[in-house]
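Colleague: Okay, so the sequence shown: first residue is 1006 according to our numbering, each after it adds one. All C-beta atoms in this analysis are idealised placements derived from N, C-alpha and C, irrespective of residue type, glycine included. Since the structure is predicted, the reported quantities are computational estimates derived from the model, not experimental observations.
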Amino acid sequence: MTLLDAPKFDAARDRRNTTLLWGSVALVFVMLIGGWLTSGMPVDWPWNWYTHFRARLAVNHFLDAVEKNDLEKAYGIWTHDREWKGHPQQHTTYPFERFEQDWSPTSSANDYGVIKSHKIVAARLSGNVLLMGIRINGLKSNALFLNFEPKTHQLGFSPVELYLGP
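#1: Assuming residue 1139 contacts residue 1125 (C-beta within less than 8 Å), just tell me the rounded distance between them.
#2: Short of 6 Å in beta carbon distance, which residues of its chain neighbour residue 1121, apart from the five on each side in sequence? Order them along the chain.
#3: Three-state secondary structure (DSSP) at residue 1081?
#4: Ignore the nearest five residues each way along the sequence and tell me which others in residue 1165's own chain have a CB closer than 6 Å to its CB.
#5: Just to confirm my understanding: we take residue 1041, look at its own chain, exclude 5 residues before and 5 after, and list those with CB closer than 8 Å. What are they?
#6: Give me the Cα-Cα distance between residue 1081 and residue 1149, rounded to the nearest whole angstrom.
#7: Please say whether residue 1152 and residue 1116 have beta carbons closer to each other than 8 Å?
#8: How about residue 1123 and residue 1068: are their beta carbons less than 8 Å apart?
#9: Just to confirm, is the Cβ distance from residue 1076 to residue 1104 under 8 Å?
#10: Using a 10 Å radius around the Cβ and a threshold of 16 neighbouring Cβ atoms, would you call residue 1044 buried or exposed?
#11: May I have the straight-line CA-CA distance separating residue 1159 from residue 1064, to the nearest angstrom?
#12: From residue 1107 to residue 1101, what distance separates their C-alpha atoms?
#13: With H, G and I counted as helix, E and B as strand and the rest as coil, what does DSSP make of residue 1129?
#14: Once the 5 residues before and after residue 1066 are set aside, which same chain residues still bring their CB inside 8 Å of it?
#15: Is the CB-CB distance between residue 1060 and residue 1017 below 8 Å?
#16: By DSSP's criteria, residue 1137 is part of a beta bridge. Which residues make up the other side?
Below is the structure:
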């Protein structure tokens, strides 16, 4: 076989390869859009979308437990320790009694009263934590700002407030 004896052009094979190529490109595009929507449409790099997804999931589970007044479950989510009752000495910086004062609907330290609904309206990575702005009970003023530590999956009060718009 010499250089001038090229194989005959196979139109079916060429069409199949082109279809596979464009199908693969479309699949990657659909997966990127699906990942972006699943993680809450963050304005961030794609490699940070999983952090946004985990944080939204943790905050939604936490606030759902607070709305149901299941503070023991909520505290387990807050500390990312479901078995916190077995070793409360590990959580001395923010003990359950203080947590109850902050989140109980009947507590005077709770700024929101009975929490009936929540909506995450902003989430931004700042350093090594994800800051989240949450509107409680549909109020536009007095939003709740929490941070999520991606390495330990713990929640905390954020000292930084995000701009949530007018």
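Modeller: The relevant details are as follows:
#1: 5 Å
#2: 1142
#3: helix
#4: 1136
#5: 1047, 1051 and 1054
#6: 19 Å
#7: no
#8: yes
#9: Less than 8 Å divides the Cβ of residue 1076 from the Cβ of residue 1104.
#10: Buried is the call here.
#11: 10 Å
#12: 10 Å
#13: strand
#14: 1082
#15: No, the Cβ-Cβ distance between residue 1060 and residue 1017 is not below 8 Å.
#16: In the DSSP output, where bridge partners are listed per residue, residue 1137 has 1128 and 1151.
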